[in-house]
Structure formats: C-alpha cells, structure tokens
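Engineer: Shown below is the structure under consideration.
Numbering (our numbering), first residue to last: 253 to 420.
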C-alpha cells in the first residue's frame, strides 16, 4: 500500500532498521572489546611450535519484537499516568507488553533491565522511550525489589524522573 506525503512511516521498516542498527552496534562493541589471546606453546624434544589460540564469540541477536515481553513500571509517582502511555508506545512498535503498573518504590533514574540474550531488545525499547543506552543493564539475581513480580518479562522498564515519559 503506497503512503502519501506526510503520512506516518511504515513501522515494519522502522523496526527492521532498528534491528539492523542494534546488530551493528552490538557487533562494533564486540569487535572493539576483542583482544588476541595468548599463544599456546607445544614443546617436544626437538622443536617448539607456537599456535595461536582461537575463540568464538556470539553476540546476542534481537528477537522478533512480538516475541519479547516488556514490563513497564512507573517509578516516579503512582498518581501520575506514566507506565500506560509508555507501554502503549512500546506496543505500537510491535513488542508484547505486559500490564503496566507502579514500581513498589520510587527510583531516582530510569533503567531498562534485560534477561540474558535480550540486550539488543532492551536497547531498542530504551531508544523508543529516549532512555540513554547506559541505563540498559542486565537484570540482577535476585531482581531489584522495586520491580515486584517479574512475571514473564524479558525486558523491564522502570521509568524514573529523568525519562521524557515522566515529564507528561
């Protein structure tokens, strides 16, 4: 279906571009942090042979957005409707959102937690909400108490006072 000038861009194309961009960023980070490994020396009575060690690194790959469960929490003020509009925005990008709710306590800054293997997806969610990449971190074990019940979430967003969504 052709779009006319001024209409909303194709969300599938945007999601695809975000997935490709996330993959490029992850690949660049992996390459930048790759160092050569020490050589392994094999000795015999007559000769010494040095062979370089080999390693295999697999960077996480973004999942199809519909297969990523995202929990959005209001970490600012339970009287403000913050989590629901943010969850709606995330859902409009194709992610599966769990029912938004309030965090069990307020936070001083926004954070996007991810389960192992979901870092690219968490980074994409953070970009959607204009949350800085430095706020995207692995979910610790046990989860922070402000999350409460994690449910089936792969990515958890706690919106803090620094997020543009909290300004509304």
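We put the beta carbon where it would ideally sit given N, CA and C, even for glycine. This one's a predicted model, so the numbers in the text were calculated from it and none came from an experiment.
In its own chain, which residues sit with a C-beta less than 6 Å from the C-beta of residue 419, not counting the 5 before and 5 after it?
Structural biologist: None.
Engineer: By DSSP, does residue 414 sit in helix, in strand, or in coil?
Structural biologist: coil
Engineer: By how many angstroms is the C-alpha of residue 359 removed from the C-alpha of residue 414?
Structural biologist: So the two alpha carbons sit approximately 10 Å from each other.
Engineer: How do the segment 331-345 and the segment 364-371 stand: do at least 3 beta-carbon pairs fall below 8 Å, yes or no?
Structural biologist: no
Engineer: Can you tell me where the beta strand (DSSP E) holding residue 381 begins and where it ends?
Structural biologist: Here residue 381 belongs to no beta strand (DSSP E), and DSSP marks it neither H nor E.
Engineer: DSSP state of residue 337, grouped into three classes?
Structural biologist: helix
Engineer: With a cut-off of 8 Å, do at least 3 Cβ pairs link the segment 382-390 to the segment 344-353?
Structural biologist: no
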